[in-house]
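So the structure is just underneath, and the comments pick up after that.
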Amino acid sequence: MDAIGKILNKRSKKKSGIMIGVTAALVIEYFHQLLKQMFDQEILSDIQALHLKDRVLTIACLNSSAANEIKFSEESIISAINEKFGENTVSSFKYML
């Protein structure tokens, strides 16, 4: 059974407004799943993905050490997201402290 993101991507290469919103929500959910696999609960409680716009995932961090932890793993997280949702889904992270 295909994931909803793959089904939606198959139906249309050109993304409509609703498709962009659904993809963004799925990317944010997957981002949090990846963090749960990579980091302990203390770091997770200080990080929240806010939105995806123009291929930039905005992440709110309550402290700079949490932001640094994510920054060190940024390439691997972006690669995992792009592998799941398509090559050009996320290009970078924007950190809000």
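Quick note on numbering: this note's numbering labels position 83 of the sequence shown as 735, and the sequence is numbered without any gaps.
We treat Cβ as the ideally placed atom computed from N, Cα and C, and that holds for glycine.
Chain-order list of residues whose beta-carbon lies under 7 Å from that of residue 747 (same chain, five-residue window excluded): Numbered from 1 along the sequence shown, position 95 holds the residue referred to as residue 747. Closer than 7 Å at the Cβ level, and outside the excluded window around residue 747, lie 711, 713 and 719.
From the DSSP output, read off the bridge partner residues of residue 679. Indexing the sequence shown from 1 puts residue 679 at position 27. Its beta-bridge partners do not exist; DSSP assigns none.
Can you tell which of 735, 741 and 684 has its C-alpha closest to the C-alpha of residue 707? Locating residue 707 in the sequence shown gives position 55, counting from the first residue. Residue 741 is the option with its Cα nearest to residue 707.
By the 10 Å Cβ neighbour count, where 16 or more other Cβ atoms means buried, how is residue 677 classified, buried or exposed? The count along the sequence shown starts at 1 and reaches residue 677 at position 25. Exposed.
Do you know offhand how far residue 698's Cα is from residue 709's? Here the question's residue 698 lines up with position 46 in the sequence shown. Here the question's residue 709 lines up with position 57 in the sequence shown. Using only the alpha carbons, I get a separation of about 16 Å.
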